[in-house]
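In my numbering, the protein residues as written are 133 to 346. Where a beta carbon is used, it is the ideal one built from N, C-alpha and C, also for glycine. Reviewing the structure listed below.
Okay, here's the thing in structure tokens:
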């Protein structure tokens with residue numbers, strides 16, 4: 133029986149450029165999110181997405197020059213472009229955590245900080261704020277959700293509420309008035325005879341913002 137020559141070994145298939153770049157981007161985004169959330173670094177997320185989009189463009193050029201498939205890279209580029217478009221409309225909070233959370237301030241001093249949530253449902257319940265006594269003339273309240281739903285509940289004993297609500301992509305509902313689509317923006321101006329005046333500045337990157345009486 134004659135010895136047969138060994139079968140040629142099949143060279144390993146190269147990892148698709150899209151999959152490789154996606155893995156690198158996920159690692160970098162996760163690391164950046166961790167550093168930003170823990171306070172170890174203050175990152176400018178307005179620069180992160182454009183940098184990622186530039187990397188995708190470079191990888192597309194290399195893949196085209198080498199004659200490789202570019203479907204995965206194009207998909208990543210589309211996702212980054214959509215995220216960048218949303219981010220230019222509203223500021224997307226990435227350090228606010230994930231899940232469902234309810235904030236219930238009982239004094240006007242407690243509403244000085246911005247209420248934020250990255251992903252999930254955030255409820256800001258303002259029904260316990262005092263409407264009488266020594267109250268400030270105007271109170272500004274900022275709240276934002278990256279992806280999900282933001283609900284603001286206002287007590288019926290505070291009649292003066294000025295609202296600026298916006299969304300990157302989604303729906304805005306302010307005291308029953310609805311707007312939706314890409315980049316909806318709603319402003320409600322009020323004229324009041326006395327304090328307090330609640331000045332709400334609320335936004336969501338992708339999802340719904342609702343302001344209603346409790």
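Compute the distance between the beta-carbons of residue i and residue j, then report whether it is under 7 Å.
i: residue 279; j: residue 339; result: yes
i: residue 341; j: residue 299; result: yes
i: residue 274; j: residue 333; result: yes
i: residue 318; j: residue 306; result: yes
i: residue 97; j: residue 329; result: Here the chain has residues from 133 to 346 only, and residue 97 is not among them.
Out of the options, state which residue places its alpha-carbon closest to the alpha-carbon of residue i.
i: residue 252; options: 337, 315, 313 and 260; result: 337
i: residue 292; options: 305, 306 and 324; result: 324
i: residue 269; options: 156, 331 and 311; result: 331
i: residue 281; options: 313, 231 and 311; result: 231
Taking DSSP as the reference, what is the three-state secondary structure of residue i?
i: residue 248; result: strand
i: residue 298; result: strand
i: residue 261; result: coil
i: residue 346; result: coil
i: residue 329; result: strand
i: residue 231; result: strand
i: residue 287; result: coil
i: residue 306; result: strand
i: residue 164; result: helix
i: residue 322; result: coil
For my contact list, residue i and residue j are in at a C-beta cut-off of 8 Å; report their separation, rounded to the angstrom.
i: residue 345; j: residue 286; result: 6 Å
i: residue 322; j: residue 294; result: 5 Å
i: residue 254; j: residue 277; result: 5 Å
i: residue 247; j: residue 261; result: With a Cβ gap of about 14 Å, residue 247 and residue 261 do not count as contacting.
i: residue 249; j: residue 236; result: The pair is not a contact, with the Cβ atoms about 15 Å apart (cut-off 8 Å).
Can you say whether residue i is buried or exposed, counting buried as having 16 or more other CB atoms within 10 angstroms of its CB?
i: residue 163; result: exposed
i: residue 242; result: exposed
i: residue 308; result: exposed
i: residue 335; result: buried
i: residue 290; result: buried
i: residue 304; result: buried
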